[in-house]
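Asks: Just so we're on the same page, the working numbering is the position in the sequence shown counted from 1, plus 6.
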Amino acid sequence: MSHTSNSRILVTGATGANGTELIKLFAAQGIAVKAMVRDPKRATALELPGVELIQADFDAPETLPVALEGVEKAFLLSNSSENAEEQQLAFVEAAKQSGVAHIVKLSQLGAESNSPNRFLRYHAAVEEALRASGIAYTFLRPNLFMQGLLNFIPTISAQNAFYAPAGEGHISVVDIRDIADVAFASLTQPGHEGKIYDLTGPEALTHAEMAAQLSQAVGRDIAFFDVPPQAMRQSLLEFGFPEWQADGLLEEYAEWSQDKAAQIAPDIREVTGRDARTFASFARDYVGQFK
Ligand SMILES: NC(=O)c1ccc[n+]([C@@H]2O[C@H](COP(=O)([O-])OP(=O)(O)OC[C@H]3O[C@@H](n4cnc5c(N)ncnc54)[C@H](OP(=O)(O)O)[C@@H]3O)[C@@H](O)[C@H]2O)c1
């Protein structure tokens with residue numbers, strides 16, 4: 007059962023990885039929030055004190071005004087599908103019509119309209135639309151999520167190994183709990199309007215270094231193997247990934263393997279007042295899932 011609130015804060019993508027962490031912060035701090043979900047039956051993890059579930063769908067823009075009624079601040083996130091740009095532009099338009107004052111958008115490190123990576127291009131297009139909308143914005147630009155490693159649990163469990171075309175690229179991977187902390191601050195405290203936050207971990211690691219730290223945390227050897235991009239593409243497609251998304255991921259790995267996402271930014275510390283979580287702390291905290 008969800009609770010009705012008079013909250014003026016709306017979180018989209020609430021059932022997802024980042025959204026769930028963010029909603030948990032609101033509940034823990036006793037601040038009421040609206041969680042936009044497509045299907046409340048699949049949102050039982052969000053049934054927390056002060057959390058009101060609102061049903062709406064980016065693909066059905068006519069459902070958005072009800073979700074946005076009375077909302078002053080919104081967190082905008084959808085998964086990176088071929089429709090993401092259209093979905094997020096529809097949300098920005100509906101938010102403008104509803105008089106939303108401030109949108110905190112989950113973007114990505116390096117978002118740029120001329121990027122070789124399609125995900126970074128769509129994020130840049132949405133950022134651009136938000137700037138033009140007159141709505142105050144905060145752009146959160148995280149690097150690769152540490153929690154992305156959870157996607158490799160099937161081969162880690164079966165073979166003590168994971169595979170990706172990441173080469174020896176160093177990546178300043180970030181913990182989504184830090185992203186949620188910055189999103190929470192941006193939505194609940196003044197002074198984040200017009201800001202762009204690059205969200206990275208405190209160190210840039212290769213996949214082999216992540217495997218070594220994971221091995222130490224779980225107490226058994228877990229190996230990383232670099233694979234050719236086409237082999238990765240094949241497994242992603244077999245796993246059911248749409249082509250657009252699989253190709254986008256390969257574009258990301260091509261950048262990451264060349265140290266293009268190795269920069270370390272101070273923004274998490276500047277917003278939260280403490281250091282970004284290390285990969286070692288992520289590995290320790292999620293050890294149960296890798297065992
Ligand atoms: N993975 C990375 O390492 C990484 C790094 C930097 C930036 N990013 C960015 O992070 C974002 C993904 O974040 P995440 O991993 O937290 O997402 P996620 O776990 O994939 O969750 C996506 C959320 O979007 C919702 N959604 C999907 N389609 C919808 C629709 N038509 N209407 C309403 N809601 C819809 C989903 O709801 P349902 O439960 O209804 O499906 C879910 O709550 C992407 O924009 C990506 O570019 C990712």
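Ideal Cβ positions, reconstructed from N, Cα and C, are used throughout, including at glycine.
(1) Could you check whether the Cβ of S84 sits closer than 7 Å to any heavy atom belonging to ligand 1?
(2) If I measure Cβ to Cβ from M7 and keep anything under 7 Å in the same chain, skipping five residues before and after, which residues do I get?
(3) Among L31, A23 and I37, which one has its Cα closest to the Cα of S13?
(4) If you compare alpha carbons, which of L95, L16 and E88 is closest to G56?
(5) Note down, one range per segment and in chain order, each beta strand (DSSP E) of at least 3 residues found wholly within the segment 119-190.
(6) Check each candidate in F231, K201 and T50 and name the one with the smallest Cα separation from I298.
(7) Out of curiosity, what's the CA-to-CA distance linking T18 and M42?
(8) Note down the Cα distance separating Q269 from Q114, rounded to an integer number of angstroms.
(9) When you compare the CB positions of G207 and V180, do they come within less than 8 Å of one another, or not?
(10) Rounded to the nearest angstrom, what separates A174 and S104 at their Cα positions?
(11) Quick one: residues in its chain with C-beta nearer than 7 Å to the C-beta of N123, no 5 flanking neighbours on either side, listed in chain order?
(12) Report the rounded CA-to-CA distance for D2 versus Q222, giving the unit in angstroms.
(13) Taking 7 Å as the cut-off, is the C-beta of R43 nearer than that to any heavy atom in ligand 1?
(14) So for A229, helix, strand or coil by DSSP?
(15) When DSSP labels each residue in this structure, what does V106 get in the three-state scheme?
(16) Name the one or two DSSP bridge partners that D204 has.
(17) With a Cβ-Cβ cutoff of 8 Å, do Q153 and A23 count as a contact?
(18) Extract the residue ranges of the alpha helix (DSSP H) inside the segment 207-272, only unbroken runs of 4 or more that lie entirely within it.
(19) Can R283 be considered in contact with ligand 1, in the sense that its beta carbon sits closer than 7 Å to one or more heavy atoms?
(20) With DSSP as the reference, please indicate the residues paired to F81 in a beta bridge.
(21) So does A271 have its beta carbon nearer than 7 Å to some heavy atom of ligand 1?
(22) Answer yes or no: do I177 and A267 have a C-beta to C-beta separation smaller than 8 Å?
Replies: In this structure, then:
(1) yes
(2) At M7 the pLDDT is 48, less than 50, meaning the model places this residue with poor confidence; the figure from the coordinates comes in the next sentence. E53.
(3) I37
(4) Among L95, L16 and E88, the Cα nearest to that of G56 belongs to L16.
(5) 142-148 and 167-170
(6) The question about residue 298 has no answer here: the residues shown for the chain are numbered 7 through 297.
(7) If you draw a straight line from the Cα of T18 to the Cα of M42, it comes to about 5 Å.
(8) 13 Å
(9) yes
(10) Going by the sequence as given, residue 174 is Glu instead of Ala. Each residue's Cα considered, the two are about 47 Å apart.
(11) G254, E257, E258 and E261
(12) Residue 2 is absent from the structure shown; the chain starts at 7 and stops at 297.
(13) According to the sequence as given, residue 43 is Val; it is not Arg. Correct: V43 has its Cβ closer than 7 Å to ligand 1.
(14) The answer is strand: DSSP assigns A229 an E or B state.
(15) In this structure, V106 counts as coil in the three-state DSSP scheme.
(16) Paired residues: R147.
(17) Contact: yes.
(18) 213-224, 235-244 and 249-262
(19) no
(20) V17 and V110
(21) Outside the cutoff, so no.
(22) yes
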